[in-house]
Amino acid sequence: MAEANRHNFWIKVLRNSSMLKKAFDTFDHEKKGVIGTDMIGTILDMLGHELDDGTLSEIIQEYDRDGTGVLEFKQFCSLASRFLTEELDDEAMLAELREAFRLYDREGNGYITTDVLKEIFKELDNTLSNDELESMITEIDSDGSGTVDFDEFLEVMTGE
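Note that UniProt numbering numbers the sequence shown so that position 58 is 58, with each residue one more than the last.
Below you can see the structure in the form of structure tokens.
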């Protein structure tokens, strides 16, 4: 994956993960970890993307390949990532990065393990090869600790 594409991928993941999780959870009425594909149009409308029925149908079929009529969170993220824009100012971006990091720091230890980070990246972009994942993780985990703290995460995401 080219450097610019990898950086854009990270930015997109981090800036939008908490927003997507909130949107997903809002429509996961039965708390089963899935949402009905009939809700996708409504969610995309909420995110500022109105689509005609034909286009919406094609997109849903692309992500609901087995025709179950439901999407899991990772499928929803893949679908929604096609529509996300990068319009946040620096302060809002920092807040989103902190929130995304907090969501993945499941035990509140102040770090994310590189294994968890690999799982997240793989779920959000299943086209990433193992070599690309390893390269991304090596770049993020600059001290080789097997964990990524917020400062390492922020440094890679902002390039500072």
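Every residue gets a Cβ at the ideal spot worked out from N, C-alpha and C, and that includes glycine.
Residues that V116 bridges to, as DSSP identifies them: Beta-bridge pairing links V116 to no other residue.
Pick from D66, A23, D141, K122 that is closest to L133, judged by C-alpha positions: When only C-alpha atoms are compared, the closest one is K122.
Status (buried if at least 16 other CB within 10 Å, exposed otherwise) for G41: Counting every other CB atom within 10 Å of its CB across the protein chains shown gives G41 a total of 16 or more, marking it as buried.
Cβ shell of G144 (< 7 Å), same chain only, five flanking positions each side left out: If you ignore the 5 residues before and after G144, its C-beta comes within less than 7 Å of no other C-beta in its own chain.
Helix, strand or coil at E123 [DSSP, three-state]: Reduced to three states, the DSSP call for E123 is helix.
For T138, the first and last residue of its enclosing alpha helix (DSSP H): Segment 130-140, the alpha helix (DSSP H) holding T138.
Exposed unless 16 or more other CB atoms sit within 10 angstroms - verdict on D115: Exposed: under 16 other Cβ atoms inside 10 Å.
Terminal residues of the beta strand (DSSP E) in which L71 lies: Here the beta strand (DSSP E) through L71 covers 70-72.
Local conformation of D66 per DSSP, three classes: Three-state DSSP puts D66 in coil, outside helix and strand.
C-alpha distance - E107 paired with G54, whole-angstrom precision: Rounded to the nearest whole angstrom, the CA to CA distance from E107 to G54 is 43 Å.
Proximal residues to M46 (C-beta, below 7 Å), its chain only, five neighbours per side dropped: When the five nearest sequence neighbours on each side are left out, the beta carbons in the same chain lying within less than 7 Å of the beta carbon of M46 are those of A23, in order along the chain.
Helix, strand or coil at G48 according to DSSP, with G and I counted as helix: Here DSSP, grouped into helix, strand and coil, assigns G48 to coil.
Beta-carbon spacing of I112, F73 below 9 Å: Contact: no.
Rounded straight-line distance, which links the Cα of T127 to that of N109: Roughly 30 Å separates the two Cα atoms.
D143 in three-state terms, based on DSSP: Per DSSP, reduced to three states, the secondary structure at D143 is coil, with no helix or strand assignment.
Helix, strand or coil at D149 [DSSP, three-state]: DSSP, read as helix, strand or coil, puts D149 in strand.
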